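Numbering (the working numbering), first residue to last: 9 to 279.
Accompanying notes for the structure given below.
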Amino acid sequence: MPVANRSDDQRPYDTLRSSIAALAPWFHNIDLNGVATAPDHFLGNYPADKFARFASIVPADLTGKSVLDIGCNAGFYSVEMKRRGAERVVGIDSDDRYLAQARLATDALGFTGVEFRNLSVYDVAALGETFDLVIFMGVLYHLRHPLLALDLIREHVARDAMLFQTLQQGSPEIADVPEDHPFFEPGTYRQPAYFDAPGYPKMHFIERQFAGDWTNWWAPNAAGSQAMLRAAGFSVEAQADGDVYFCRVAPVPFGQHGPAAVYPAKGGTGS
9 MPVANRSDDQ RPYDTLRSSI AALAPWFHNI DLNGVATAPD HFLGNYPADK
59 FARFASIVPA DLTGKSVLDI GCNAGFYSVE MKRRGAERVV GIDSDDRYLA
109 QARLATDALG FTGVEFRNLS VYDVAALGET FDLVIFMGVL YHLRHPLLAL
159 DLIREHVARD AMLFQTLQQG SPEIADVPED HPFFEPGTYR QPAYFDAPGY
209 PKMHFIERQF AGDWTNWWAP NAAGSQAMLR AAGFSVEAQA DGDVYFCRVA
259 PVPFGQHGPA AVYPAKGGTG S
């Protein structure tokens, strides 16, 4: 008995499914006009479910704005910013397969004005421009030099705002810490007790693996995340879902003494 021919309407979906499968595995589950890229994701409908919990702190109207998505992966947040009207979106990642996934996703959804480039966060100066909104989510804790990355973002690409997220561990408390830290408690040789306070800014170093991933190096507590952002020249305007922060560019502390980054990127090929 002959097999019935598939309808013309079905063929584009079959082609799309084949293209998605060829680029598997996907870490972003993105709905491409009814075809999911990672329907069996171990985190569920990720990252859409997470985005729903903090979407309200992101400007709803990005008309005419430019966006840089650092560590864009398959482009979920790049797509969402286009949905909010961003005029131009640049996504960067150091994994060519992720970049291919992102290009497939934006092409399938018919978005224009999106560019994806293989570039490290440490090399953002090479972009040679600033952006109205920088997205820096799910990257910091994978970096060997996290504060350097924040410094370079602030120095070279952040014009106005940054959407930031990091893995956090430890207390959600925020301690009131002194402006200047003495070596000892006044009149003693005891180290100040506040260093052991749950809400003191801390950066937990993960020497081996976290959740089976050897690239998870850092897990700040909430106070540590916020302190690092301030130290790099960002003010926290809003927080949602525990580990997501919407920030604005602010003066860099001690900026009068020179660039904050220990190894400032030059952005060119100078002699």
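For every residue, glycine included, the Cβ atom is placed at its ideal position computed from N, Cα and C.
Just so you know, these numbers come straight off a predicted model, no measurement behind them.
Please say whether residue j and residue i have beta carbons closer to each other than 7 Å?
i	j	result
V147	V122	no
Q109	L31	yes
M170	F242	yes
L112	S26	no
I143	D77	yes
E157	V129	The question names Glu, but residue 157 is Ala in the sequence shown. Taking 7 Å as the Cβ cut-off, A157 and V129 qualify as a contacting pair.
N229	G178	yes
D131	R167	no
G99	S86	yes
F62	D249	yes
L40	A116	yes
V252	Q173	yes
Y4	N37	Past the boundaries of the shown model lies residue 4; the chain is included only from 9 to 279, so the question cannot be answered.
R92	L107	no
T223	H150	yes
K90	F119	yes
I65	A246	yes
A286	A219	This structure cannot speak to residue 286, because the chain is shown only from 9 to 279.
Can you tell me the Cβ-Cβ gap for residue i and residue j, rounded? I've got them flagged as a contact below 8 Å.
i	j	result
G207	A231	5 Å
L348	A227	Because residue 348 is not part of the residues shown, which for the chain are 9 to 279, the question remains open.
G79	T114	Actually they do not touch by this definition, with Cβ atoms about 16 Å apart.
P267	E163	6 Å
F50	E88	In fact, because the Cβ distance is near 21 Å, the residues do not count as touching under 8 Å.
Y197	V185	Not a contact, Cβ separation roughly 21 Å.
From the DSSP output, in three-state form, read off residue i for me.
i	result
C99	At residue 99 the sequence reads Gly, which differs from the Cys that was named. In the structure shown, G99 sits in a strand (DSSP, three-state: E or B).
E88	helix
P267	coil
V260	coil
A205	coil
R167	strand
Q176	coil
H49	coil
L151	coil
V185	coil
Y253	strand
A239	helix
A44	strand
A82	coil
A94	strand
L135	helix
V11	Reliability fails at V11, whose pLDDT of 48 lies under 50, so the model's placement of it is uncertain and the value that follows must be treated cautiously. Correct three-state label for V11: coil.
G278	Confidence in G278 is poor, its pLDDT being 44 and thus under 50, which makes the residue's placement too unreliable to answer from.
Between which two residues does the alpha helix (DSSP H) carrying residue i extend?
i	result
Y21	19-30
E163	154-164
L70	Note, L70: premise wrong, no alpha helix (DSSP H); not H, not E.
C191	The question names Cys, but residue 191 is Phe in the sequence shown. Looking at the DSSP string, F191 is not in any alpha helix (DSSP H), and its letter there is neither H nor E.
A110	104-117
Which stretch, first to last residue, makes up the beta strand (DSSP E) that contains residue i?
i	result
R125	122-126
F59	F59 -> not in any beta strand (DSSP E); alpha helix (DSSP H) instead, spanning 56-62.
L141	139-145
D77	74-78
A227	226-228
E245	242-248
H212	211-213
Under the criterion of a Cβ to heavy atom distance below 6 Å, does residue i qualify as lining the ligand SAH?
i	result
R198	The model on display carries no ligand, and the ligand SAH is accordingly not part of it.
Could you check whether the Cβ of residue i sits closer than 7 Å to any Cβ belonging to chain B?
i	result
S243	The structure shown has no chain B; it contains just one protein chain.
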